[in-house]
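Student: Sequence positions in the sequence shown follow the numbering used here and run 1 to 156. Glycine included, every Cβ here is placed at the ideal spot set by N, Cα and C. What you are looking at is a predicted structure, and each value in this text was computed from that prediction instead of being measured.
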Amino acid sequence: MSVSYMTHEGYEKLKAELDELKTKGRENVAKAIAEAREKGDLSENAEYDAAKNAQGMLEMKINELEKVFANSRIIDESQLDTSKVTVLTNVTIQNVNNGAEVTYKLVAEAEANLKEKKISVNSPIGQGLLGKTVGDLAQIQTPAGPINFKIVNISL
1 MSVSYMTHEG YEKLKAELDE LKTKGRENVA KAIAEAREKG DLSENAEYDA
51 AKNAQGMLEM KINELEKVFA NSRIIDESQL DTSKVTVLTN VTIQNVNNGA
101 EVTYKLVAEA EANLKEKKIS VNSPIGQGLL GKTVGDLAQI QTPAGPINFK
151 IVNISL
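(1) Assign E111 to one of two classes, buried (16 or more other C-beta atoms within 10 Å of its C-beta) or exposed (fewer than that).
(2) Whose C-beta lies closer than 6 Å to the C-beta of V29 among residues of the same chain, with five residues either side of it excluded?
(3) Taking only three categories from DSSP, how would you classify G128?
(4) Comparing alpha-carbon positions, which option in G135, K15 and D41 lies nearest T92?
(5) In three-state DSSP terms, what is V107?
(6) Determine the extent of the alpha helix (DSSP H) in which Q79 is found, giving its start and end residues.
(7) Would you mind reading off the limits of the alpha helix (DSSP H) that contains I75?
(8) Under 6 Å Cβ to Cβ from N148, same chain only, skipping five residues before and after it: list those, please.
(9) Can you round the beta-carbon distance between T157 and L106 to whole angstroms, since I take them to be within the 8 Å contact cut?
(10) Are at least three pairs of beta-carbons, each pair with one atom in the region 118-129 and one in the region 67-74, less than 8 Å apart?
(11) Residues in the same chain with beta-carbon distance under 8 Å from L80, minus the five sequence neighbours each way, listed in chain order, please.
(12) Quick one: what's got a C-beta closer than 7 Å to G126's C-beta in the same chain, skipping five residues either side?
(13) If we call anything under 8 Å between Cβ atoms a contact, is E101 one with V152?
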C-alpha cells in the first residue's frame, strides 16, 4: 500500500470517521444482530443474515480505513514547492480545445471530492498533471479520448 499524503484537516476527518465506525457503527450492528437473534430460528431468519452481512461490510470498511490511516502522512502545506504540480497544490488548467478553465486541488485518494474540486493524485487527471509546470501541456486520457490541458497557474 502506498503512502497517502493528506492535509491536517483530511487526516482529522479520516480519524473521526474511523472512530465513529468503531464505536457507534459497531454498537448499531451488534444491536441489530441481538434483535434479530431474539426473533427465533436463525436458519430462516433473513433479518439475522442481513445484520451479519452488515457487520461484515462494516468490518471491511474499518479495515480499509485503518490501512489508509496507518499509511497516511500529514503534509505541512507551507513547505510545498509551487514551481510544479504536486500533491496539495491548486492547479488551474485550461482546456486547449475550448478554452475552458478549471482549478483543482490535488489530494490523497481519501480526501478526493469532486464537488469541492479536490481530485485524487491517483486519478487520470491527477496523474497527468503531477510534475508539470506553468505553461506545460498535459494530455489526459478520458473515456471520450485524449484532452490537452495547459497549466495556467499553480498555487497553495
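Tutor: Quick answer:
(1) buried
(2) A54, Q55 and L58
(3) helix
(4) G135
(5) strand
(6) Per DSSP, Q79 belongs to no alpha helix (DSSP H) and is neither H nor E.
(7) It is not in any alpha helix (DSSP H) - I75 carries neither H nor E in the DSSP assignment.
(8) V96, L137 and Q139
(9) No answer is possible for residue 157: it lies beyond the span of the chain, which begins at 1 and ends at 156.
(10) no
(11) T86, L88, T89 and L156
(12) L106, I119 and S120
(13) yes
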